[in-house]
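Step one of this worksheet: look at the structure below.
2 protein chains.
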Amino acid sequence: MQYHLDGFRAGDPSVALAKTTSDAKPDEVDVLIVGCGPAGLTLAAQLSAFGDISTRVTDLKSGPLEVGQADGIACRSVEMFEAFGFAEKVLKESYWVNEVAFWRPVEGGAGLARADRIQDVEDDLSEMPHVILSQARVHDFYLEVMRNSARRLVPEYGHRLVDLKRTDDSDYPALATFEVGSQAPLKEVRARYVVGCDGARSTVRRSIGHELKGEAARQLWGVMDVLVVTDFPDIRLKAAIQSGGDGSVLIIPREGGYLVRMYIELDALHGDERAADRNLTCEMLIAKAQKIFAPYMLDVKEVAWWSAYEIGQRVCDVFDDVPPAQRGTKQPRIFIAGDACHTHSPKAGQGMNVSMADTFNLGWKLAAVLRGQAGPQVLDSYTAERQAKAKELIDFDKDMARLFSAKTKTPADAAQFQTYFKKHGRYTAGVETRYAPSLLTDAGRYQRLATGYQTGMRFHSAPVIRLGDAKPMHLGHMLKADGRWRLVAFAPSGDVGQPEERIAALCGFLQNDLIPRFTDPAADMDSVFDMRAVFQCSHREMDISALPRALVPRKGLYGLIDYEKAFCPDLKHGPDIFDHRGIDRAQGALILVRPDQYVASVLPLDAFAQVEAFFDGFMLPST
Amino acid sequence: MQYHLDGFRAGDPSVALAKTTSDAKPDEVDVLIVGCGPAGLTLAAQLSAFGDISTRVTDLKSGPLEVGQADGIACRSVEMFEAFGFAEKVLKESYWVNEVAFWRPVEGGAGLARADRIQDVEDDLSEMPHVILSQARVHDFYLEVMRNSARRLVPEYGHRLVDLKRTDDSDYPALATFEVGSQAPLKEVRARYVVGCDGARSTVRRSIGHELKGEAARQLWGVMDVLVVTDFPDIRLKAAIQSGGDGSVLIIPREGGYLVRMYIELDALHGDERAADRNLTCEMLIAKAQKIFAPYMLDVKEVAWWSAYEIGQRVCDVFDDVPPAQRGTKQPRIFIAGDACHTHSPKAGQGMNVSMADTFNLGWKLAAVLRGQAGPQVLDSYTAERQAKAKELIDFDKDMARLFSAKTKTPADAAQFQTYFKKHGRYTAGVETRYAPSLLTDAGRYQRLATGYQTGMRFHSAPVIRLGDAKPMHLGHMLKADGRWRLVAFAPSGDVGQPEERIAALCGFLQNDLIPRFTDPAADMDSVFDMRAVFQCSHREMDISALPRALVPRKGLYGLIDYEKAFCPDLKHGPDIFDHRGIDRAQGALILVRPDQYVASVLPLDAFAQVEAFFDGFMLPST
């Protein structure tokens, strides 16, 4: 954490100085977020990082969520939480999914046997584990980030959106009408942008004429969070039990050491039948689970929460309010995210994760446009990038649900599920997302310079030593959710003692050319483009005095020096990052990293023209 | 973290259920703590873990500390913070001391040169780093622990202790009188025990007739926390600069990336002269520092805090109110801790650490006596253990201060300082404390069974895999500040599949003999003795179903199973713990660990009689 830049200030450094705003008209906001689920809160937390953006967040509910339904948090989401500054809280409270056990009927006999036991997440897939934690706690952490921000952003609960329309107002072209209690007069809010994070029954989605498309699989599932006593040995492992004839259960141990979630296969639904028509009770779920667990005993002591649902994988064609024919000529003003535009089977554990990823993708783009850093065309990339991801996820989800629900008769069937499960570990970890080439992500022409930083995929962390204070740390953890682009230069060999000349030249280009062009002269030089360098030599061999200004910038009220931009390999905590991430040692590489941590481009260190052309494609010169 | 044991409860799991107390007389308390510094708050946080103990904490100041003076946090203290559940907060905000640089005059020339650069903490000295963080933030974290406890403990500020005496009252033999504002009537509090954590000018110390003894070194030092711009390259490393003729500076980078603390050598004091007599100003400190830094530039932009002090190492003979002649016949009722009984030079960075260690030592003993688990004779060990430590520290501190202040003329002098500094790295890390044999710590007869767990020293953590959920974790992190004894059994070889028979026999002894004797039958079986086992086989080879009940106890309202007691080696994150900590693989070993994490005894696994005799020495049978 960096703080005290503008002077020493006592107290909790995660609490920003309050910014007194002169928002004369509170019913006019930059961004109106409808809905306080994971998608809405990720966006709100992201926007709250910018003191110059006004945001309102509303929710239908009367207060914060207390008992959440989603609980699976993919490695990639924990990486994102690190960017928001609360990963350590999640890591502390959560259950860590370390291994998965597969159980199936004893071949030619009675009872169940463990068929396999595998690592849940491959080594070095992420520096973060796959964890399980109540959605309610994730909300709490986001709410804390918002509350601590300069704008002290808090949700407005008990707000029911009754109408949303696009108007001719050139500044605030979205007009939302809320009902706040049945007695109060309707409340109008005008916004530059509206983001509907209002769930599967989204009013925002309806207002822009979109619908979720896709068929339900008609398979009924029960889910319950329970405190149990059992002699089943893998009750504290993620475990899939395929019984002989009674269907299957997926066990997801929960945080705290005692609570367990069970997904229980029930029957197929017929015709127009809905889950509610079955008059399911919690006792029925327990009885079913007990049959699947047999011969193991399952004694349910408390049911903290339960539900029954049918699997439905559905997605909207477009995630904003621009009709296909007007794409490129009309600016999107209303967006939908999360369950409002795609729904999934919970068993792949993707719902909450992909919803948060939606708005982490959108947040920095909205901020860049609102702050005059980027043209509105970047907003079109939201639906392009995230709709493709949602569709891909639906396909994955269908396969997964089908395999999971398949009546298992033979060990071969179960084995197929295991194989699929293993293969898609990377997918469920959330690290396989790859954005297609666009204004914001190039085609990867120089990918060979850094094979471990795939263009369009998230920047993959690795251990390094920070030069200034010799701290062993994760390189990826400098990628904070602060809306900045990172230019990460991996130095060519020959840098012992002082930076190789190509690094110096690159820093010169940045300082004299790129940064002045796009950065407000009154702002810190790294406020738009944050340059970092990784050298090949040991950290004791590099002379920090020899670093160019772009790597030791002077910042803030006093022009203090920021010493946290340069790194060297950390051989104690892993392989050399150059080998580990496939960096061309002779040439080095420059990685352009988007504010949402995705690799936009891999370039030669001297590709100044390409860097310039890339940013000219969507950024606006500083005025 | 373990929670939801007595039923699912939404919200922050670190907030305990509030315990409504029937404390009819708020002016009668179990423990009265005078002073809210590191010593007082460590004790208050420790006692707040017990809902059945009433505690009051007072402080002279009008509110929580905002700008702290102490800042060095030894590895050992971070280990202790982990036991209190807030190490991750300290690790996040703090500066990590990774390396130390030594600068001295260029031989036969002008200017300064880096003479050496070393790792600050040896590998595997602790799983925690040496860090720097304002004392005020450490206070904040303790206050949060207290606020979240069942008793919702908060300090009472603005309380000036005017009198403290021991009375004939058999239940509450300590009577404290406070002035609360000049207008209000005096307030009386009667306590079973009083602990004076009221600093170097302790009123509690005076009330029991003790004094700090020792001479001041008469060396004047200045200290300042500053925001600077400099071209000195090691400004973000801990660095000792010995100038040619202008004295020395110790640089301690502070948290947040910009702030730096400097300890600046000033002159010797003469006669009765006091630091205040010199009329020192901050400008004088800066000017002196600039001379020492020369030829490097030092531009001080802001002084967050500064002070001048003379080094004084002083200690009391006894840390409680029992005269030597009455030791063993009279029970101590009034204690002193921290600066109230020992003061140090700040440069060894020990003050705050040793103060917290004082009350971490005392807290569990007070709790055990108050809760009827142990006889009052354990309280005598506080002064025995901690006074010896304080004396040892003073000796160390004098050497350190003398070496630091020595007018450096030759490289040989500086080299001597470096050698001393390196040698005492373990000491300053706080992990060298070794309590002498006593009722609570045996003589180490079977030390050879576990050479890495030295009797009388803190339990040294190492990586393991938790059997129940395959989680890679630190074994030492199960040692929470909850007043429980841990019995850590390292299994002999031959445990593949199921526990070796000696582990089973030990568990039988615990379950049928030791635990019933000392544990309330209505309490969880691990509430006094918390048994843990480490097996030699891989975690996939051990059948959790085969574990004896003592390793999978049933607990709480529902009799849920606690699966977090058994561990196996983690070969991915370090060497095998059996090799790493010198465990006799053929015999195994049983380590008795005190509630303050110190190794009380290393025993053979079948030493039932010795275990019994050890606990019979000071524990009281459950009634």
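Residue numbers (this note's numbering), protein chains in the order written: chain A, 1 to 623; chain B, 1001 to 1623.
Positions of the beta carbon are idealized from the N, C-alpha and C atoms, including for glycine.
In the three-state reduction of the DSSP assignment, B/His1580 falls in the helix class, which pools H, G and I.
Contact with chain B is found for A/Gly256, since one of that chain's Cβ atoms lies less than 8 Å from the residue's Cβ. Taking the Cα positions, A/Ser54 is about 25 Å away from A/Gly11. Taking a cut-off of 8 Å on C-beta distances, the segment 218–228 of chain A does not touch the segment 48–64 of chain A, as fewer than three cross pairs fall below it.
For B/Phe1509, the CB contacts under 8 Å within the same chain, skipping 5 residues up- and downstream, are Phe1608, Val1611 in chain order. Counting only runs of 4+ residues, the alpha helix (DSSP H) found wholly inside the segment 1130–1190 of chain B occupies 1135–1148, in chain order. Two segments are said to touch when three or more pairs of C-beta atoms, one from each, lie closer than 8 Å; by this definition the segment 1065–1083 of chain B does not touch the segment 1112–1119 of chain B.
Straight-line spacing of the CA atoms in A/Thr167 and A/Ala174 works out to 6 Å. With a threshold of 8 Å between beta carbons, A/Gln387 makes no contact with chain B. Identification of chain A residues near B/Arg1236 by a Cβ-Cβ cut-off of 7 Å yields Gly468, Asp469, Tyr563, ordered along the chain. When Cβ-Cβ separations below 8 Å define contact, B/Asp1570 makes no contact with chain A. The beta carbon of A/Gln219 sits no closer than 8 Å to any beta carbon of chain B. Under the rule that a run must span 3 or more residues, the beta strand (DSSP E) segments found entirely inside the segment 546–592 of chain A read 566–569.
Annotation for A/Pro516: no beta strand (DSSP E) segment contains it, though the alpha helix (DSSP H) segment containing it runs 515–518.
By DSSP's assignment, A/Val229 forms a beta bridge with A/Asp299. DSSP, read as helix, strand or coil, puts A/Gly328 in coil. Taking B/Met1457 as reference, the option from B/Leu1370, B/Val1602, B/Ala1240 with the minimal CA-CA separation is B/Val1602.
A Cβ of chain B is located within less than 8 Å of the beta carbon of A/Leu227. Each residue's CA atom was taken as its position, placing A/His580 and A/Leu571 some 11 Å apart.
DSSP places A/Tyr427 inside the alpha helix (DSSP H), whose first and last residues are 425–428.
When the alpha-carbon of A/Asp543 is set against those of B/Gln1387, B/Phe1232, B/Met1400, the nearest one is in B/Phe1232. Taking each of B/Leu1043, B/Pro1026, B/Val1029 in turn and checking the Cα distance to B/Met1356, the smallest one comes out for B/Leu1043.
B/Ala1010 sits in coil when the DSSP states are folded into three classes, being neither helix nor strand. With a threshold of 8 Å between beta carbons, B/His1004 makes contact with chain A. Nearest CB-CB separation between B/Glu1122 and chain A: not below the 8 Å threshold. Counting the other Cβ atoms within 10 Å of the Cβ of B/Thr1455 gives 16 or more, which makes it buried.
Against chain B, the beta carbon of A/Ile577 has no neighbour under 9 Å; the closest one sits roughly 18 Å away. Bounds of any beta strand (DSSP E) do not take in B/Thr1451, whose DSSP letter is neither H nor E. If you check the CB distance, A/Phe459 and A/Gln290 do not come in under 8 Å. Under the rule that a run must span 3 or more residues, the beta strand (DSSP E) segments found entirely inside the segment 1247–1324 of chain B read 1248–1253, 1259–1268, 1298–1312. Of all residues in the segment 1286–1306 of chain B, only Lys1301, Glu1302, Ala1304 place a beta-carbon less than 7 Å from a beta-carbon of chain A. Using a CB distance cut-off of 8 Å, A/Lys92 counts as an interface residue toward chain B.
CA-to-CA, the gap between A/Ser14 and A/Asn148 works out to about 7 Å. Of the candidates B/Leu1592, B/Pro1604, B/Val1599, the residue whose Cα lies closest to the Cα of B/Arg1585 is B/Pro1604. Here B/Leu1112 is bridged, per DSSP, to B/Pro1105.
Between B/Gln1377 and B/Phe1618, the gap from beta carbon to beta carbon is short of 8 Å.
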